[in-house]
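Going from the sequence shown to the numbering used here is simple: count from 1 and add 5.
Quick reminder that beta carbons are idealized off the backbone N, C-alpha and C, glycines included.
Because the structure is a prediction, the values reported are computed rather than measured.
Heads up, the thing below is written out as structure tokens.
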Amino acid sequence: MSTQTVFPGVVNARRVTTQTLQEMKAEGIPIAMLTAYDFTMARILDTAGVDVLLVGDSASNVMAGHETTVPMTLDHMIYHAQCVVRGVQRALIVVDLPFGSYQGNAKEALASAIRVMKETGAHAVKLEGGANVVATVERIIGAGIPVMGHLGLTPQSIYKFGTYKVRAREEEEADQLRKDARLLEEAGCFGLVLEKIPAELAAEVSASIQIPTIGIGAGVGCDGQVLVTHDALGLTTDFNPRFVRHYAELAGTITDAVQAYVDDVRHRAFPSEDESY
Ligand code: KIV
């Protein structure tokens, strides 16, 4: 990989591709992925050097205020992806196929993935599931669209699981996850999100497949990490699982700033003469 610096703080400004991620795994360079749903944040995250931006269906929670990701539609995802694409020069942009847009059959799934690619300019799609989605993954990849898999806690199935607790603690489920990871690799996935599974299992799976794994609540042994940006920046105040690290406390910062603004307006301290025409 080249190492020129074009954006502040970013080593290697070459556009990130699925091939780049493969090279990063081979070279042991951990992959940094975050979610993005809008132009302004996407531009900041891209400039800061995030390798992969996931237009996650977690937009349902952090943008729309829903309790689950289930209500998200393909049109919603396409809108968010269009906004993100306009702000990004370097990162690989992956878009979640939302609940209901790919589970029906492989043909419908391909139609959904084609809409995402044609209407947004994003680079890849992600979908949840293992053996049950292999035919779908093959169909989408067969059409030339890169697919990222997602195993472990798969939030679109929350009503089947009934809880967001750690997955694959029991040997039977862990074994199924190992098999699913291999199946998704064989089906041609370029990467795999592992969500909320024991760190030891995630490390084992990461070592056993050639494609990069991206962990969330899956320990340091994955080939990369992903967090929901609103969680990492401390914008969400009511969601504090142990796998989230707050890199900032923006909810507090924004509250202070807005209170100062309200105060200035009340006291006619804003705008000043310099801020007026
Ligand atoms: O939608 C999302 O944000 C995700 C991540 C949690 C991996 O799928």
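- Item | Continuous alpha helix (DSSP H) assignments of at least 4 residues falling wholly in the region 16-80 | As far as the region 16-80 is concerned, its whole alpha helix (DSSP H) runs of at least 4 residues are 23-32, 44-52 and 64-67.
- Query: Hey, would you say V139 sits closer than 9 Å to A192, going by beta carbons?
  - Reply: For the purposes of this step, residue 139 is taken as residue 134 along the sequence shown, with counting starting at 1. For the purposes of this step, residue 192 is taken as residue 187 along the sequence shown, with counting starting at 1. Yes, these two residues count as a Cβ contact at 9 Å.
- Every unbroken alpha helix (DSSP H) within the region 90-146, with a cutoff of 4 residues, ordered by chain: If only uninterrupted alpha helix (DSSP H) runs of at least 4 residues are considered, those enclosed by the region 90-146 are 111-125.
- For the region 59-78 against the region 147-161, are there 3 or more C-beta pairs whose distance is under 8 Å? Taking 8 Å as the limit for Cβ pairs, the verdict is that the region 147-161 does touch the region 59-78.
- Message: What I want to know is whether the C-beta of V267 ends up closer than 8 Å to one or more non-hydrogen atoms of ligand 1.
- Response: Within the sequence shown, the letter at position 262 stands for residue 267. Distance from the C-beta of V267 to the nearest heavy atom of ligand 1 is not below 8 Å.
- Task: Verify the contact flag: V100, CB atom, against every heavy atom of ligand 1, threshold strictly below 8 Å.
- Result: Counting from one through the sequence shown, the residue named residue 100 turns up at place 95. Flag unset: Cβ of V100 not near ligand 1.
- When you compare each of D180, H71 and T234 to E209 by their alpha carbons, which one comes out closest? Here residue 209 refers to the residue found at position 204 when the sequence shown is read from its first residue. Among D180, H71 and T234, the Cα nearest to that of E209 is on D180.
- Item | 8 Å contact criterion, which L26 and L39 should meet: CB distance rounded | Counting from 1 along the sequence shown, the entry for residue 26 is found at position 21. Counting from 1 along the sequence shown, the entry for residue 39 is found at position 34. In this structure, L26 and L39 do not form a Cβ contact; the two beta carbons are roughly 15 Å apart against a cut-off of 8 Å.
- Query: DSSP three-state call for H251: helix, strand or coil?
  - Reply: Counted from its first residue, the sequence shown places residue 251 at position 246. Looking at H251 - three-state DSSP - the assignment turns out to be coil, as it is neither helix nor strand.
- How many Å lie between V198 and L156 at the Cα? In the sequence shown, counting from the first residue as 1, residue 198 sits at position 193. In the sequence shown, counting from the first residue as 1, residue 156 sits at position 151. Taking the straight line from one Cα to the other gives about 6 Å.
- Measure how close the beta-carbons of D101 and L59 come, nearest whole angstrom, since I'm counting them as under 8 Å. On the sequence shown, position 96 is the one that residue 101 refers to. On the sequence shown, position 54 is the one that residue 59 refers to. About 7 Å separates the Cβ atoms of D101 and L59, confirming a contact at the 8 Å cut-off.
- Message: Which of the three DSSP states is assigned to T260 in this structure?
- Response: Here residue 260 is taken as the residue at index 255 of the sequence shown, counted from 1. Looking at T260 - three-state DSSP - the assignment turns out to be helix.
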